[in-house]
Amino acid sequence: MMPKPGALFAALQLVAAGALGGCAGKLPPCPAAGGPAWRELASAHFRLRTDADPDTARGALRDLEQFQAALLTVFRAPDLRTGRIPVIVVRDGWDDFADPQLAGWFTSALFQPLVVMRAESELARQDIIKHELVHYLSRKVMPVQPPWLSEGLASYFQTLEYDPDKGEVTVGRPPPNLLAIAQNGARIPLPELLVANKMDGDLGVFYATAWAMVHFLMNRHAQELRAFEAALHARIPVAAAWAQAFGKLTPDDLDIELRNYLDGGQYELLIFPFAPARADPIAERPMPDAEAHATRAQLLAVGGRNRAVQP
Numbered sequence: 207m208m209p210k211p212g213a214l215f216a217a218l219q220l221v222a223a224g225a226l227g228g229c230a231g232k233l234p235p236c237p238a239a240g241g242p243a244w245r246e247l248a249s250a251h252f253r254l255r256t257d258a259d260p261d262t263a264r265g266a267l268r269d270l271e272q273f274q275a276a277l278l279t280v281f282r283a284p285d286l287r288t289g290r291i292p293v294i295v296v297r298d299g300w301d302d303f304a305d306p307q308l309a310g311w312f313t314s315a316l317f318q319p320l321v322v323m324r325a326e327s328e329l330a331r332q333d334i335i336k337h338e339l340v341h342y343l344s345r346k347v348m349p350v351q352p353p354w355l356s357e358g359l360a361s362y363f364q365t366l367e368y369d370p371d372k373g374e375v376t377v378g379r380p381p382p383n384l385l386a387i388a389q390n391g392a393r394i395p396l397p398e399l400l401v402a403n404k405m406d407g408d409l410g411v412f413y414a415t416a417w418a419m420v421h422f423l424m425n426r427h428a429q430e431l432r433a434f435e436a437a438l439h440a441r442i443p444v445a446a447a448w449a450q451a452f453g454k455l456t457p458d459d460l461d462i463e464l465r466n467y468l469d470g471g472q473y474e475l476l477i478f479p480f481a482p483a484r485a486d487p488i489a490e491r492p493m494p495d496a497e498a499h500a501t502r503a504q505l506l507a508v509g510g511r512n513r514a515v516q517p
């Protein structure tokens, strides 16, 4: 049996009834008025609500579970407890609350993370969602992360590829847009990057430099990077953790190495053994009209909030 909605969700149902006023608005009619039925599916780590057909819903759930399992395999934390991340997969009415050019995004609602995806999109092409899932899960493994490491890890691991049939996870393929920025010389000097406590200036340059730094360290100084991450996990202050892990290697030294690396250094794709996750739903139920109303109201709320930052 699926758990009953909590007090916050019940309160949202009341708001939804007023906000949608008997199914008014641009979204398709609600189920009671002949619109598409909504259903909820739960897996080990995700709770998915959708107006799509069951096969599409189960496919999206499988993709999310496999991506998370692959990522936690690389993080060496396969048994990390993450709870169930809420997901909404939308088949009809997308353009009424989201930019048509966007296929999905990662946000927060009711004090929880929230993934919103278009039904016909594939997770493999959802770089924003994968990037933010890396953020969310990596912070559970390593709560303290300086900005360059946080964005560098997310940009590095968002390109993760998994093959359940071969039992392999592959990471390290360069994102073409970030590689182009980094190789064209638009890069923040490492002595500045490593002490930055927030992202300033051109965000594209910051992302590209952070990704290049993590990619470089994974290939040239993996032992030092692991030591740095372990020190951060132990909540050692960032400067002390850096000194402990990298010793006499100064940011200036690494800046020269990174420049040479980007100018034509070789790199490796890292391959990890992968045990595919159980991805079938462990619970599935039709959603009553009140919950469908609440979900549609939530889409309108988070969609309007995110329009300003959508490309």
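One point on numbering: in our numbering, the residue at position 286 of the sequence shown is 492, and numbering is uninterrupted.
A virtual CB, placed ideally from N, CA and C, is assigned to each residue, including glycine.
Excluding sequence positions up to five away, which residues of its chain have a Cβ less than 8 Å from the Cβ of residue i?
i       : result
Gly-373 : Pro-479, Phe-480, Ala-481 and Pro-482
Pro-381 : Asp-333, Ser-361, Gln-364, Thr-365 and Trp-417
Ser-327 : Ala-309 and Gly-310
Asp-408 : Ala-392
Leu-286 : Leu-278, Leu-343, Lys-346 and Val-347
Going by beta carbon distance, what residues of the same chain come within less than 7 Å of residue i, once the five residues before and after it are set aside?
i       : result
Leu-270 : Phe-252, Val-293 and Leu-329
Thr-359 : The amino acid at residue 359 is misidentified as Thr; the sequence shows Leu. Here the set comprises Val-340, Ser-344 and Val-420.
Trp-354 : Leu-399, Leu-400, Ala-402, Ala-416 and Met-419
Ala-276 : Leu-366, Tyr-368, Val-375 and Phe-480
Leu-226 : Because the pLDDT of Leu-226 is 40, which lies under 50, any placement of that residue in the model is unreliable, and the number read from its coordinates should be weighed accordingly. These residues qualify, in order along the chain: His-499, Arg-502 and Ala-503.
Asp-458 : Pro-397
Asp-495 : Cys-236, Pro-237 and Ala-238
Asp-441 : Inspection of the sequence shows that residue 441 is occupied by Arg rather than by Asp. Hits under 7 Å: Val-350.
Ile-394 : Val-411, Phe-412 and Thr-415
Arg-426 : Glu-463 and Tyr-467
Gly-470 : none
Gly-453 : none
Asn-383 : none
Based on Cα-Cα distance, which residue from the options lies nearest to residue i?
i       : options                               : result
Leu-247 : Arg-491, Thr-501, Val-508 and Arg-502 : Arg-491
Ala-489 : Gly-241, Ala-250 and Gly-240          : Ala-250
Ala-266 : Ile-394, Leu-396, Ala-498 and Val-321 : Val-321
Phe-422 : Gly-407, Ala-445, Arg-245 and Leu-396 : Leu-396
Asn-390 : Asn-466, Asp-495, Ala-315 and Arg-290 : Asn-466
Arg-282 : Arg-432, Pro-352 and Val-444          : Arg-432
Ile-291 : Asn-383, Pro-487 and Pro-319          : Pro-319
Ile-335 : Ala-440, Gly-240, Asp-408 and Gly-310 : Gly-310
Val-377 : Leu-409, Met-424 and Pro-370          : Met-424
Ser-314 : Glu-338, Glu-326 and Ser-327          : Glu-338
Ile-477 : Asp-259, Pro-370, His-427 and Ile-462 : Pro-370
Could you check whether residue j and residue i sit closer than 9 Å to each other, using their CB atoms as the reference points?
i       : j       : result
Arg-379 : Leu-475 : yes
Ala-243 : Met-493 : yes
Leu-455 : Glu-435 : no
Gly-299 : Pro-234 : yes
Ala-414 : Leu-385 : yes
Phe-317 : Tyr-342 : no
Arg-324 : Val-280 : no
Lys-346 : Thr-262 : no
Arg-297 : Glu-497 : no
Leu-468 : Ala-392 : no
Glu-357 : Phe-412 : yes
Arg-264 : Pro-487 : yes
Gly-241 : Asp-257 : yes
Could you name the residues of the same chain whose beta carbon sits closer than 6 Å to that of residue i, not counting the 5 residues immediately before and after it, in chain order?
i       : result
Leu-438 : Met-348, Val-350 and Ala-447
Gln-450 : Ala-437
Gly-522 : Since the first residue of the chain shown is 207 and the last is 517, residue 522 is not available in this structure.
Pro-284 : Leu-278
Tyr-473 : Asn-425
Cys-229 : Reliability of the predicted coordinates at Cys-229 is poor, the pLDDT of 43 falling under 50, and the value obtained from them is presented with this limitation in mind. Within the same chain, Cys-229 has close Cβ partners Pro-235, Cys-236 and Ala-239.
Counting only C-beta atoms, is residue i closer than 9 Å to chain C at any point?
i       : result
Thr-456 : Here there is only one protein chain, and chain C is not present.
Item checked: Touching by the beta-carbon criterion (3+ pairs, under 8 Å), the stretch 495-505 and the stretch 288-306 -> Because the criterion of three Cβ pairs below 8 Å is met, the stretch 495-505 and the stretch 288-306 touch.
Next item on the list: Quick one: which unbroken beta strand (DSSP E) runs of 3-plus residues sit fully inside the stretch 354-388? Chain order, please.
Entry: 367-369 and 374-377
Note to self: Please give me, in chain order, every unbroken run of the beta strand (DSSP E) with length at least 3 that falls completely inside the stretch 228-310.
What the structure shows: 245-248, 252-256 and 291-296
Next item on the list: Report the residue ranges of all alpha helix (DSSP H) runs contained in full by the stretch 447-491; include only those spanning at least 4 residues, in chain order.
Entry: 457-468
Checklist line | Those runs of the alpha helix (DSSP H) which lie wholly inside the stretch 395-446 and span at least 4 residues | finding: 396-399, 409-426 and 428-439
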